[in-house]
Each structure stands twice: as structure tokens, then as C-alpha cells.
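Respectively, the protein sequence lines represent chains A and B.
Numbering-wise (my numbering), the first sequence opens with residue 1 and increments by one.
Numbering-wise (my numbering), the second sequence opens with residue 1001 and increments by one.
Number of protein chains: 2
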Amino acid sequence: MPCPLRGTASYGRGMEDDSVVIEQFRAAVDRRLADLLPDGAARPARLAEAARYAVLSPGKRFRPMLTLLTARAFGAGPLAALDAACAFEMVHAASLILDDLPSMDDAALRRGRATTHREFGEATAILAAVGLLNQAFGVISGDERLPDAARAGLLHRLSDSVGFEGLVSGQALDLNDRDHVRTADDIDLLNHRKTGVLMVAAAEAGALIAGAPAASVAAVGEFARRLGLAFQIQDDLIDAAFIADTGKDLGKDLGKDAGMTTLVTVLGPQEAAAAVSAHLAAAQAALARAGADGLLARYAFGLFEARKAAA
Amino acid sequence: MPCPLRGTASYGRGMEDDSVVIEQFRAAVDRRLADLLPDGAARPARLAEAARYAVLSPGKRFRPMLTLLTARAFGAGPLAALDAACAFEMVHAASLILDDLPSMDDAALRRGRATTHREFGEATAILAAVGLLNQAFGVISGDERLPDAARAGLLHRLSDSVGFEGLVSGQALDLNDRDHVRTADDIDLLNHRKTGVLMVAAAEAGALIAGAPAASVAAVGEFARRLGLAFQIQDDLIDAAFIADTGKDLGKDLGKDAGMTTLVTVLGPQEAAAAVSAHLAAAQAALARAGADGLLARYAFGLFEARKAAA
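In C-alpha cells:
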């Protein structure tokens, strides 16, 4: 597979500065998340603990980083988008709690720790997820650094990305259609709604907060959409290679996603790899159109390469 | 128990006109809810069906009526608050889906029909609830009849009413503390967070949309808070009277709330009835302070009397 990043002038430059900025942003997100979540004084304490457990577990904070780096690419100060960035992590954590529930993927482990319902019980986990989703809306609607019009616009996009044409429908499609034959288009829709749609909203939020023109907002949204699809297919390729190497189904071992139709099973590994390349190239082209192909690009594509290398 | 409504000049007048206006408002809410919910074209169709099933079941639409009648009391046109009113019904329906889940009250029936999870399965019910809560934020954030500042303010109040100090915490308190001894203050907090808090937000929303002064917004919020507490204690009195009459625990027959501590079990029926009167009188005084003691008062207190009479 040709590397879609080759030939980009900015690659290989400033990597040390990059990692300092990225680590500063990531740490700022973690600190702010800890402030924005209910603490030990909340009643009942167990609900607050469950919410903190789900959100503050170690992670890349990929969605908030998309928001912060997109805002930075369009000239916003680092703090302008911090609360909105945290809101996206809350929504992401809520979606993981729900995906893991006994009635859904019935997962015992997430990032090497017990899932929230295994640690706190199912009712508390569901309420923590609902509380976190709700808190995301509360954080943005109460963010006094943002003009009222920006808040209303961000909240509307957030709602679109979560709702009946967003994450919620992605999870429902995944569960309802698990035994059905899927076409490549079905799988793209599912992949987009299950994960990509929130990345799109996170990236667009950064551009909106920075006051980027509408065409640039759309272009960073397309960047995130393509990147999300590339990530998903790459993960499916990694799973398929693992099965081919070992005869074991990684999904089956994890008690989830067993025997599911993916783009790899529909198209075969070569065409799936070509689709990854095409999505990455389109993502890069979209960023170039937006004039945002600096640190944001190096971070996002670097993360992609690191994930592939680690597999 | 003295009737707190006696002596109010407006009672007994215009009851026919009242019922026409109320029925018009209720029908407008039902029609608009049907438009705002995902329809058969949504994917997956089953998720949309579950959401419609939960919201469009027959009901009084009490929270939306609070919003519409409060907006009317402060001079807003009937349509100005319609979408916000519908958003409160979506949140209410979402909270009922969640309360009924196997991991919570494990209820089979709601308003005489199968609960959403019994009809559509647990995963779809949970996703429908999350989708409905999210849609409530989407409806208000996308309501172009409202100025941006009003939208952001409404959304912030809605989030406060749902979240870690609202409905979500009320449900968690109820589940976590079910076996513990409760004081009268504990029960008031629980009753407020389980139901009253959303009525407060619904009433305040109507006042905010109509541009009422801050003191009036607070007064209608206090009206709704007191009314919600009165409703809850009255329901507990009805349950206690049923047990005393028949020897049967109505809650136990329904497979829920069995043997729970209520204000009636803590204070005894006489003091509990006195608390209802005190809350109703305070609710009425708050409306009078707000200058909103017309149709809104007749509707709310009339509903209370009808519920008591029907028991």
C-alpha cells in the first residue's frame, strides 16, 4: 500500500515541538475533564464515581484533540475550544458504556479494566452514560467563552452526531443487522455512524469555534469522515490478519463482533487496503483544501501509522 | 384538608373556554411530536418505532402543557414555545423508558401497554431513550423561532434538570438507597429530583421564551416545584389508602416500589396530607407573585383535583 503521507512537505519537521504541544493539549483535556465531572460531593456518590471511572480512564482523547487541533489550525487560542473538546470525550465515553452493556456487546473489559457496568452495576452504568451525554450538552451550553450563536450551532451539530442519524442509530444498526448480509455501502454507513460521525462533529466544532469559513468547516468534516472510515477498515484488516496468522478470531475471543461482515470480508484484504489508502488520501486532500494541513495532519496521520505499526 | 384553591376569583369562570384551549394545546403537542420524531424512513426502522411508541402513547402531556401555558401566561404566542414544550415530553418519555428497564424497576406495563423494552427489546429501548434525550437538545438548539441566547439558556437549564443533580441523580438515588432508612428531607430531595425537577424546567422554559422577568421565571419554577412535590405525596397517600383498604400493596402488585419509604410512612397520613396542602398553597402563592394565576393555575390545580378524585 502506498503511503498517502509521502511527499507532504511538513512531515518530518518539528516532530519534537509537535509532541510537546500534543502532550500539553492532552493534559489540559484530562485536567478540565476532571473539573467538569461530578465529584465526591455529588449525590449519590456512586453515580459520580461511575461517570469519572468511564471518562477518566487512560486514553488518547482523540476526539477532543481533533477539536483543539482544528481550532488551533484556524487560529483560535488553545482554551477557546477546551470545554467543547471535553464534551466530545464525555459523549464518546457514554457511547462506550452503552456499547459494552449486557444487552449490547456484553463486554467484560475495556482498555484492560472492567467495563463500567461490571464495576458499578448495570443501572448505575446506564445512568452514568445518560448523565455524561447530558453533561456534554450542559458544558457547551454553559461555556461563556463562546458567543450564543456558536453555542446553539455546536449543540445542534452535537445532537445530529449522536441521535437517530448518528451514534445511536449506528449502534442500533450494528445490533439489529448483525446476522444480515451487508453490502459495502451498508458497512460504510455503519462504520460512519458507529464512530466517524462523532469525529466529524469534533473536528467541525474546532473550526466553528475558531470562526473558520463554512467551506473550511465542511472540509475538516470530510477529513474526519475519511479518517474515521480509514481507521475502521484498518482495524478490520488487523483483525483479519490475526485470524489468518493464528486461526483464532480476535473478536470471538473478546466475546463480541464474532463473525461479523466487514469491508475486509466483503472486498477481500487487498481491496480493503486500497480503500484505506483512498480514504487517507481524500482526508489529506480535504485538509489541504481547508488550509489546515499542519500539526492537525501530522497528529492524525501519525496516530494512524502508530496504530498500524503496533498491530 | 382545606382546598387551597377556594377563594381564587378566577376559579369557576370560563371552564368551557379553558377546556377548548387546553385541548387545542394538547393536540398541537401531539401533532408536533409526531413531526419531530424519526419516521419510517429512518434506519434502523425499529429504533424509530420504539421512540415513537414511547413518546406517542396516550398521555396528558403535562410537562409540555406547563411550558405552553406558562408562555401564554406571559404573553407569548402559542407556537413560540411549541418545540421546547415537545422537547420536555421527549425527555419525560426517555426517563420512563429507563425507569422501567430490567436493571431498574423491571416493569412490564406502562399506561396499560407493554413497556418499551418488553415490546422492542432492551438494547433498542435503551438506544431509543438516549436518542430521545438527545433529540430534545436537538429540537431546542435548532428552533429558529428562538433567539440564540434563549436557546443556549434553555439548553443549559434542560441539562441541569436531567443530569447529575437532576433526573439521572434522582433515579440513581432511588435505586441505590432503596433499602436505607430515609428522612423526610431525603424523600423531598428524591421526589424533587425524580419528577419535580423536569416540571420546574418545563415551566421556567415557558416563562423564558415569553421574555418574563427573572423574578417571574423563578416564581413559576417554585410553583412547579411545589406542585411536583404535592403530586408525589398525593400519589403516596393514594397507595397507602389502597393498602389500608385492601391489605394489598399496589406497588408490590406492579413489581416495583415495594415497601419503599415515603413521606406517608415517615410522617403518617395526616401530616402527609397537611404537607400536600402546604405545597399547593405555596404553589398558588408563587403563581400569584408571578402574576400568572389564570388558565395555568386552573389547569394545574384542576388536574391535581381530578387525579385525587379518580383514585
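We treat Cβ as the ideally placed atom computed from N, Cα and C, and that holds for glycine.
For residue i versus residue j, is the C-beta spacing smaller than 8 Å?
i, j, result
"D1174 (chain B)", "L1189 (chain B)", "no"
"A1283 (chain B)", "L1227 (chain B)", "yes"
"S1141 (chain B)", "L1158 (chain B)", "no"
"D1083 (chain B)", "D1143 (chain B)", "yes"
"L1096 (chain B)", "E1122 (chain B)", "no"
"L303 (chain A)", "G206 (chain A)", "no"
"A1149 (chain B)", "D39 (chain A)", "no"
"V266 (chain A)", "I209 (chain A)", "no"
"G1170 (chain B)", "R1193 (chain B)", "yes"
"S1057 (chain B)", "R1118 (chain B)", "no"
"A184 (chain A)", "P1044 (chain B)", "no"
"D1018 (chain B)", "L1295 (chain B)", "yes"
"R1113 (chain B)", "H1092 (chain B)", "no"
"V276 (chain A)", "I243 (chain A)", "no"
"A152 (chain A)", "R1151 (chain B)", "yes"
"V1130 (chain B)", "V139 (chain A)", "no"
Tell me where the alpha helix (DSSP H) around residue i begins and ends.
i, result
"A230 (chain A)", "A214 to T246"
"D1083 (chain B)", "L1082 to D1100"
"T70 (chain A)", "F62 to A73"
"D185 (chain A)", "A184 to N191"
"F1164 (chain B)", "Looking at the DSSP string, F1164 (chain B) is not in any alpha helix (DSSP H), and its letter there is neither H nor E."
"R307 (chain A)", "L295 to A310"
"L198 (chain A)", "V197 to I209"
"R289 (chain A)", "P269 to A290"
"H180 (chain A)", "From DSSP, H180 (chain A) is part of no alpha helix (DSSP H); its letter is neither H nor E."
"L1047 (chain B)", "A1045 to V1055"
"T115 (chain A)", "No alpha helix (DSSP H) contains T115 (chain A), which DSSP labels as neither H nor E."
"G1138 (chain B)", "E1122 to S1141"
Less than 8 Å between CB atoms is the rule here; does residue i satisfy it with respect to chain B?
i, result
"I97 (chain A)", "no"
"P4 (chain A)", "Summary for P4 (chain A): the model assigns pLDDT 41, below 50, so the residue's position carries little reliability; its value from the coordinates is reported in the next sentence. Closer than 8 Å: no."
"Q135 (chain A)", "yes"
"P38 (chain A)", "yes"
"H192 (chain A)", "no"
"F164 (chain A)", "yes"
"T124 (chain A)", "yes"
"R151 (chain A)", "yes"
"A288 (chain A)", "no"
"M104 (chain A)", "yes"
"D185 (chain A)", "no"
"V130 (chain A)", "yes"
"D83 (chain A)", "no"
I need the straight-line Cα distance from residue i to residue j, nearest angstrom please.
i, j, result
"A1297 (chain B)", "L1287 (chain B)", "7 Å"
"I22 (chain A)", "R31 (chain A)", "14 Å"
"E333 (chain A)", "V1020 (chain B)", "Absent from the model: residue 333 (chain A). The displayed extent of chain A is 1 to 311, so no value can be given."
"A81 (chain A)", "G1196 (chain B)", "34 Å"
"G291 (chain A)", "D1293 (chain B)", "58 Å"
"A34 (chain A)", "Y1053 (chain B)", "38 Å"
"L79 (chain A)", "L132 (chain A)", "21 Å"
"V1200 (chain B)", "M1065 (chain B)", "12 Å"
"A51 (chain A)", "A128 (chain A)", "5 Å"
"A1085 (chain B)", "Q1135 (chain B)", "13 Å"
"G211 (chain A)", "F164 (chain A)", "28 Å"
"F1301 (chain B)", "T116 (chain A)", "43 Å"
"T1262 (chain B)", "A1073 (chain B)", "34 Å"
"A1224 (chain B)", "A41 (chain A)", "26 Å"
"A1076 (chain B)", "T1067 (chain B)", "11 Å"
"A306 (chain A)", "G1059 (chain B)", "54 Å"
"T124 (chain A)", "L37 (chain A)", "15 Å"
"A230 (chain A)", "S216 (chain A)", "21 Å"
Quick one: is residue i near chain A, going by C-beta distance under 8 Å?
i, result
"A1258 (chain B)", "The pLDDT assigned to A1258 (chain B) is 49, lower than 50, so where the model puts this residue is not dependable, and the model offers no usable value."
"R1118 (chain B)", "no"
"G1255 (chain B)", "Residue confidence for G1255 (chain B) is low, a pLDDT of 40 falling below 50, so the modelled location carries little weight and cannot support an answer."
"V1021 (chain B)", "no"
"D1160 (chain B)", "yes"
"V1197 (chain B)", "no"
"P1044 (chain B)", "yes"
"L1056 (chain B)", "no"
"L1229 (chain B)", "no"
"L1033 (chain B)", "no"
"L1173 (chain B)", "yes"
"D1148 (chain B)", "yes"
"H1156 (chain B)", "yes"
Quick check: does the Cβ of residue i come within less than 7 Å of any heavy atom belonging to the ligand ATP?
i, result
"A107 (chain A)", "Only the bare structure without any ligand can be found here, which leaves the ligand ATP out of the picture."
Next item on the list: Assess, as a yes-or-no matter, whether the region 1177-1195 of chain B is touched by the region 1103-1110 of chain B under the definition of 3 or more beta carbon pairs within less than 8 Å.
Entry: no
Checklist line | the region 1231-1239 of chain B touching the region 1259-1279 of chain B, judged by at least three CB pairs closer than 8 Å | finding: yes
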